[in-house]
Amino acid sequence: MGGPARQSNAGTAESEGDPSMKDKEEKIKSEVLRGMEQDRLKLLTRQPFIGTVLMHLELIPVTHGCRTAKTDGKAVYMNCRFYAAMDLEERLFVLAHETWHCVQLYFLRIQNRTNHGFNIAADLEIHFILMKERMKEPFVLSHDPAWAGLSAEEIYEKYKHRNPQRMTPLKCSKGIQPGPDGSGFDEHIYKSAGKRSERGTEKGSGSEGCNSSGEGSEDEGNSGIGATIDDSTIENLRRIVIQSAQMVERQCGSLPEHIRGIIQKLQKPELNWKEILKQFVTSAYGGTRRWLPPARRYISMGLYLQSRRDLRLNAVMAIDTSGSTVGDQPQFFSELSNLLNTFGFYQLTVIQCDCTIQKVETFSDEKPLPRNYQWESLGHGGTSFIPPFDYIREKKLRPQIMIYLTDGCGPAPDKSSEFPVLWVLTHDGGQPAPWGKSIKLKGNANELE
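Next comes the structure, spelled out in structure tokens:
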């Protein structure tokens, strides 16, 4: 069952000219590898689920190219000197921490967030998980206990408003120290997405070899270890995690609730924004059609043909014109136009608004919303979501649905509307009201949707 364990050739180039140095290095790696294998078995007995997942990953000791520890979803890389400085509890913590990075698929989840901030957020989500596992933690970053139960994405939003200087470790053992940028102890690798990163831990990848702005640090030249994370790696991880959970559940009878929740998400991946938009628009039609009386002009011919008419969709589309949505408008309007033209009869009122309403346009099946819908963007001031709702009430529009494209930054009505509202958010946006549904635009195929 155990995954392969091997020694890495990384960092041996410097010692190739000195056989004695190379032999010494290989001996150190061999000793560390044996220790890692023993530690993995100990973790398996203490934490069956995470230990089972770890059994499917390679264990690779290295002397160069990794300052502490990292994982690429296929292996756990461990710096030999770092390993030797830790005691047993610290080593088990590091192995569990790296394995949770695989279980939670953080490789995919950074999207357009800063490396530094998301590194911290991911490590803190793992911290709260390990607390539930009652695992000894020799390294804990500063945090608000109220963040327990939040996802890394939610913690990231909380962290953005904190003073970075306060994010020093609450607990820091002798063997595990924070990274050079003041974040977690380990190195993070993220899946390449467009121009975000070219490989593993190079610029923009989010490793300790990069600071939060994606600029290389002093360690950047040592960031060559770790396979490129591709779709097959991610799918293989999903399979491993689900199978590991099923195996542990059969053997132990049950899974902890927090692990069960993670597995359910992996088994039922979230729908992408296009599918959610389609479901939202479709729900307004309700699949109902109304049959009308026979057309009189055919009766004289002895034909009793009933005519059929789809119910007309009456919708409102509000656009936040503060400037944050400009880049997302083309893909969104292309998708919305396709949906409306597919379903048939509709009337769509488009409201441009920053802190006040700038322009109102009406489209219908007779005057379709163009796929490449563009206009002279007006406003660019502050943002308020209240005016469009006031406009709908004053004009007695009675929409069946409302869609609001925004970054979510601004005041919204205190009370929910009488009609369903879908907040279509930019990649870094947050839902501005506790009511309504929300989706985030993630147009890059490499991003997790």
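Going by our numbering, the sequence shown opens with residue 162, and the numbers climb by one from there. We treat Cβ as the ideally placed atom computed from N, Cα and C, and that holds for glycine. No experiment lies behind these values; they were computed from the predicted model shown.
{"Check": "Count the other CB atoms within 10 Å of the CB of Ser191; is the residue buried (16 or more) or exposed (fewer)?", "Outcome": "exposed"}
{"Check": "Count the other C-beta atoms from every protein chain shown that fall within 10 angstroms of the C-beta of His419, then say buried if there are 16 or more, exposed otherwise.", "Outcome": "exposed"}
{"Check": "Output the distance between the C-alpha atoms of Glu410 and Thr260, rounded to the nearest integer angstrom.", "Outcome": "19 Å"}
{"Check": "Does at least one heavy atom of the ligand COA sit under 8 Å from the Cβ of Lys528?", "Outcome": "As presented, the structure is devoid of all ligands, the ligand COA included, so that no description of it is given."}
{"Check": "According to DSSP, which residues form a beta bridge with Val511?", "Outcome": "Met478 and Glu522"}
{"Check": "Return the CA-CA distance between Asn233 and Gly226, expressed in angstroms with no decimal places.", "Outcome": "At residue 233 the sequence reads Asp, which differs from the Asn that was named. Approximately 13 Å between the Cα atoms of the pair."}
{"Check": "Kindly indicate which three-state DSSP category Thr544 falls into: helix, strand or coil?", "Outcome": "coil"}
{"Check": "Are the beta-carbon atoms belonging to Leu583 and Phe441 less than 9 Å from one another?", "Outcome": "yes"}
{"Check": "Taking DSSP as the reference, what is the three-state secondary structure of Asn372?", "Outcome": "Residue placement at Asn372 cannot be trusted, given a pLDDT of 31 that sits under 50; what the coordinates show is reported in the next sentence. Asn372: coil per DSSP, three-state reduction."}
{"Check": "Looking only at its chain, what residues have a beta carbon closer than 6 Å to the beta carbon of Ala283, apart from the 5 residues adjacent to it on each side?", "Outcome": "Tyr267 and Ala313"}
{"Check": "With distances taken between CB atoms, is the gap from Ile390 to Leu427 smaller than 9 Å?", "Outcome": "no"}
{"Check": "Do Leu220 and Leu204 have their C-beta atoms closer together than 9 Å?", "Outcome": "no"}
{"Check": "Using the C-alpha atoms, what's the distance from Phe546 back to Tyr552?", "Outcome": "11 Å"}
{"Check": "Quick check on the DSSP output: what are the complete alpha helix (DSSP H) runs of length 4 or more inside the stretch 386-424, in order along the chain?", "Outcome": "392-413"}
{"Check": "Just checking my contact of Ile518 with Pro549 at CB under 8 Å: how many whole Å lie between their CB atoms?", "Outcome": "7 Å"}
{"Check": "Counting only the same chain and skipping the five closest in sequence on each side, list residues whose C-beta sits under 7 Å from that of Gln528.", "Outcome": "Reading off the sequence, residue 528 comes out as Lys, not Gln. None."}
{"Check": "Starting from the Cα of Met563, find the closest Cα among Met478, Thr523, Gln513 and Lys520 and give me that residue.", "Outcome": "Met478"}
{"Check": "Kindly list the residues whose CB is nearer than 7 Å to the CB of Glu496, restricted to its own chain and excluding five residues on each side of it in sequence; keep chain order.", "Outcome": "Lys435 and Leu438"}
{"Check": "Sorted by chain position, which residues of the same chain lie with C-beta nearer than 8 Å to Leu416's C-beta, five sequence neighbours on each side aside?", "Outcome": "Phe210, Ala406, Val409, Glu410 and Ile424"}
{"Check": "Got a sec, what are the start and stop residues for the beta strand (DSSP E) Pro222 sits in?", "Outcome": "Glu219 to Val223"}
{"Check": "Have a look at Pro572, Pro299, Asp184 and Lys576 and flag the residue whose alpha-carbon is nearest the alpha-carbon of Cys516.", "Outcome": "Pro572"}
{"Check": "Could you spell out where the beta strand (DSSP E) holding Ala230 opens and where it closes?", "Outcome": "Ala230 to Thr232"}
{"Check": "On the DSSP letters alone, give me the boundaries of the beta strand (DSSP E) that Ala236 sits inside.", "Outcome": "Ala236 to Asn240"}
{"Check": "For Tyr238 versus Arg274, is the C-beta distance shorter than 9 Å?", "Outcome": "no"}
{"Check": "Gln592 by DSSP, collapsed to three states: which one?", "Outcome": "coil"}
{"Check": "Just reading off the alpha helix (DSSP H) that Trp261 is part of, what are its end residues?", "Outcome": "Leu249 to Val264"}
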